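The numbering used here puts the sequence shown at residues 821 to 1259.
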Amino acid sequence: MNIAIIGTGYVGLVTGTCLAESGNQVCCIDIDQNKIDRLRNGLIPIFEPGLEELVRRNTKEERLTFTTDLAKGIQDARIVFIAVGTPQSMAGSADLGTVFHVARLLAESIETPKIVAIKSTVPVGTNAKVAEILKSAKCRVDSASNPEFLKEGAAIADFSKPDRVVVGVRDLQVAEELHNLYRPFLRTERPFLVMSPESAEMTKYVANAMLATKISFINEMANLCETVRADINDVRKGIGHDERIGFQFLFPGAGYGGSCFPKDIRAVIHMAKDNGLPSVLMGAVDEVNEQQKCVLFQKLKRHFGDSLASKTIAIWGLSFKPRTDDIREAPALSLIRELLEIGCPVRVHDPVALNNVRELFGDKLSYSTKPMETVEGANALVICTEWKEFQNPDFSQLSLKLSDKLIIDGRNLYNADSVTAGGLTYDSIGRAKATPGQT
Ligand code: NAD
């Protein structure tokens, strides 16, 4: 089948590449000329495990092409996906400017019947508005909603083996065509769920609302554990074995970030407000998360008091989660900003996100490509992202390098005894602060 994808970012590039890999002819469109030029030369603008090889192979075999020319890019397509960004607007709602702009361009350019499927995360009612815009096209255009559930860092696997595919349509024939496109990815009996566009739009927000709620819930419980000298790790086990609760997505940490949860939770709050409904729970989820992003700084402040400004802080992990270079709303950025504000020298390391952070902070930080080099001359180390390579460091070596012998772990990577045995003080989330020699 001939497919066009508008918006070649994390979602658009992965979608386009995976659809090309399953034998479709795919054209990825973007307004960013530099990104398109780089992709044409086999250079991948984002870090996503496995993506580079797939892009190169499908480009070489001429199933995957890239352009900035929307009218030309969609010409032969039967299905056009909209995968542009829907960031948070100043008012807190989802900014749909680009989605509607693209819909208008499509209405002007479409010359043969097409399905336009909205993959971007959009509030309920957007599909109906896009359908209205597309009515002015020269021929029949059906609009569908096809929210995306992939996770950055595991995007290829998630797209190739989705837990489910959700489509919102007004016409079952449109669902059938989309089902045919997705069939190669649903061979292990994963469901293809057909519903109204409104329900499909809502499904994406409700999924993210549930996941963010779990994170804020466990973070609030972790903070309480820490204060009353309970251990959130033990408590987690104690609750997780209850089959009604389970273990998934109940890891305490330094708050959620990324390009989706923060803006999607605020979009839900906005949607409720627009419809005259309260959103007490979502408001609390957002507020708990904002506070949690300050927890690492507060721990440093508690440890060092007023002398914090004179301490050099090393940070491991800058992306909002491991296996991605995405730093949008990453908890590490909040910590960096707070430290810079009081004049702390900050040394940072991340396996793949250094360049993105450098673009934001320039020479205000010291960058290092090696974890152990980052801690040279630092007083304390803070861990913000749970990259695998941070899981088993040499604590004795860290103890020699960190002049105040302190690790603050925002992801609970270590067993406290192993850290303190190396001569370090260890402060993590939802567990008592551990010091060497303590019983
Ligand atoms: P992104 O910022 O990585 O990519 C968006 C792309 O659209 C950019 O490359 C940008 O240059 C391009 N673009 C902007 N205006 C354009 C235009 N007029 N024509 C063509 N291209 C244009 O965003 P993303 O992370 O891929 O997210 C896209 C959508 O998918 C959002 O609504 C997001 O909420 C949703 N989503 C994201 C994820 C995720 O993990 N990133 C997962 C599920 C859903």
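Yeah, the Cβ is synthetic: ideal placement off N, Cα and C, and Gly gets one too. Note that this is a predicted model, so its numbers are computed, not measured.
CB of residue i within 8 Å of CB of residue j, strictly
i, j, result
"leucine 1031", "phenylalanine 1069", "yes"
"serine 965", "valine 936", "no"
"alanine 1200", "aspartate 1183", "no"
"arginine 1278", "asparagine 822", "As displayed, the chain neither begins before 821 nor continues past 1259, which places residue 1278 out of reach and without an answer."
"glutamate 868", "alanine 975", "yes"
"serine 1139", "aspartate 1170", "yes"
"alanine 1129", "cysteine 1164", "yes"
"phenylalanine 1117", "leucine 1159", "yes"
"leucine 916", "valine 900", "no"
"glycine 1075", "asparagine 1039", "yes"
"alanine 923", "isoleucine 894", "no"
"glycine 832", "alanine 891", "no"
"asparagine 1212", "proline 1072", "no"
"isoleucine 1156", "valine 1172", "no"
"methionine 1022", "valine 944", "yes"
"serine 1036", "valine 961", "no"
"glutamate 1209", "proline 1191", "yes"
"threonine 1189", "leucine 1174", "yes"
"lysine 949", "isoleucine 930", "no"
"alanine 977", "valine 942", "no"
"arginine 1143", "glycine 973", "yes"
"leucine 1218", "glycine 1242", "yes"
Residue i to residue j span [Cα, whole Å]
i, j, result
"alanine 824", "proline 1011", "24 Å"
"asparagine 1028", "cysteine 1080", "8 Å"
"serine 1275", "asparagine 1176", "Because the chain here runs from 821 to 1259, residue 1275 falls outside it and cannot be looked at."
"threonine 1008", "glutamate 1018", "27 Å"
"glutamate 928", "glutamine 853", "22 Å"
"cysteine 847", "threonine 837", "9 Å"
"leucine 1220", "threonine 885", "52 Å"
"asparagine 1000", "alanine 840", "14 Å"
"isoleucine 1085", "isoleucine 1065", "22 Å"
"valine 1262", "threonine 1255", "Nothing can be reported for residue 1262: it is not among the residues displayed for the chain, which extend from 821 to 1259."
"glutamine 993", "phenylalanine 1067", "39 Å"
"alanine 1092", "glutamine 908", "15 Å"
"glycine 1103", "valine 1088", "9 Å"
"leucine 1180", "aspartate 1062", "44 Å"
"arginine 1251", "threonine 1047", "9 Å"
"leucine 1013", "tyrosine 1002", "11 Å"
"serine 842", "threonine 888", "24 Å"
"alanine 1041", "glycine 1058", "Correcting the residue type first, residue 1041 is methionine in the shown sequence and not alanine. Whole-angstrom Cα-Cα distance: 13 Å."
"glycine 1096", "glycine 912", "16 Å"
"isoleucine 866", "aspartate 1145", "7 Å"
"lysine 1131", "arginine 1049", "28 Å"
"aspartate 850", "methionine 910", "24 Å"
"lysine 955", "phenylalanine 1005", "31 Å"
"glutamate 873", "valine 919", "30 Å"
"threonine 828", "lysine 855", "8 Å"
"leucine 1120", "alanine 951", "52 Å"
"serine 963", "isoleucine 1162", "51 Å"
"asparagine 1235", "valine 1100", "36 Å"
"isoleucine 1135", "glutamate 1196", "12 Å"
"valine 834", "leucine 1244", "42 Å"
DSSP three-state assignment for residue i, whether helix, strand or coil
i, result
"aspartate 852", "coil"
"cysteine 838", "helix"
"isoleucine 864", "coil"
"serine 1188", "strand"
"phenylalanine 1069", "coil"
"valine 1109", "The sequence shown places asparagine at residue 1109, not valine. Of the three classes helix, strand and coil, the one that applies to asparagine 1109 here is helix, per DSSP."
"threonine 1240", "helix"
"valine 922", "helix"
"methionine 1030", "helix"
"threonine 885", "strand"
"serine 980", "helix"
"tyrosine 830", "helix"
"arginine 877", "helix"
"aspartate 1170", "coil"
"isoleucine 1249", "coil"
"aspartate 1145", "coil"
"phenylalanine 969", "coil"
"serine 1223", "coil"
Any non-hydrogen atom of the ligand HEM within 7 Å of residue i CB
i, result
"threonine 1023", "No copy of the ligand HEM occurs in the structure displayed; its ligands are the ligand NAD alone."
Residue i at chain C interface by Cβ criterion, 8 Å
i, result
"arginine 877", "Going by chain labels, chain C is absent from the structure shown, which holds only one protein chain."
(request) Could you tell me whether the stretch 983-999 touches the stretch 949-969, using the rule of 3 or more Cβ pairs below 8 Å? (result) yes
(message) For the pair the stretch 1201-1210 and the stretch 1226-1237, tell me if three or more CB-CB distances fall below 8 Å.
(response) yes
(message) I want to know whether the stretch 1048-1060 touches the stretch 862-879 - three or more CB-CB distances under 8 Å.
(response) no
(request) Say whether the stretch 937-956 touches the stretch 859-866, bearing in mind that this needs 3 or more beta-carbon pairs closer than 8 Å, one atom from each stretch. (result) no
(message) Three or more C-beta pairs under 8 Å: does that hold for the stretch 1111-1122 against the stretch 1149-1163?
(response) yes
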